[in-house]
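S.K.: For the sequence shown, the positions run 0 to 68 when numbering that gives the first Met the number 0 is used.
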Amino acid sequence: MSKCLDYTAITLVIIGAVNWGLIGFFKLDLVNLIFGDLTWISRLIYALVGLSGLYLLSLYGRVTSIGEK
0 MSKCLDYTAI
10 TLVIIGAVNW
20 GLIGFFKLDL
30 VNLIFGDLTW
40 ISRLIYALVG
50 LSGLYLLSLY
60 GRVTSIGEK
């Protein structure tokens, strides 16, 4: 279960990073373009990306403990 959550979180963070790159380079907010300006679904996507980033902070502790075994 944890592995599935890890991959889901990584995928969401990558989507968020690509979106921020598009905003930075081209002033193109892809989530806004697809789902509209702060509709409930775009807000949900932004929230899930943010929560995924916070969840992946725990990756630092898990990577270190794996390397020590």
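For each residue, glycine too, the CB sits at the ideal point set by N, CA and C. If you're wondering where the values come from, they're calculated on a predicted model, not measured in any experiment.
1) In whole angstroms, give me the CA-to-CA distance for residue 26 and residue 14.
2) Counting C-beta neighbours from all protein chains within 10 Å, is the total for residue 11 16 or more, i.e. buried, or is it exposed?
3) If you reduce the DSSP assignment to three classes, tell me which class residue 55 lands in.
4) Would you identify the three-state DSSP class for residue 38, choosing helix, strand or coil?
5) Taking residue 29 and residue 21 to be in contact with their CB atoms under 8 Å, please state how far apart those CB atoms are, rounded to whole angstroms.
6) Which residue comes first and which comes last in the alpha helix (DSSP H) that contains residue 2?
M.R.: According to the structure data:
1) If you draw a straight line from the Cα of residue 26 to the Cα of residue 14, it is about 16 Å long.
2) By the C-beta density criterion, residue 11 is buried, having at least 16 other C-beta atoms within 10 angstroms.
3) Helix.
4) Of the three classes helix, strand and coil, the one that applies to residue 38 here is coil, per DSSP.
5) Indeed they touch by this definition, with Cβ atoms about 5 Å apart.
6) Start and end: 1 to 25.
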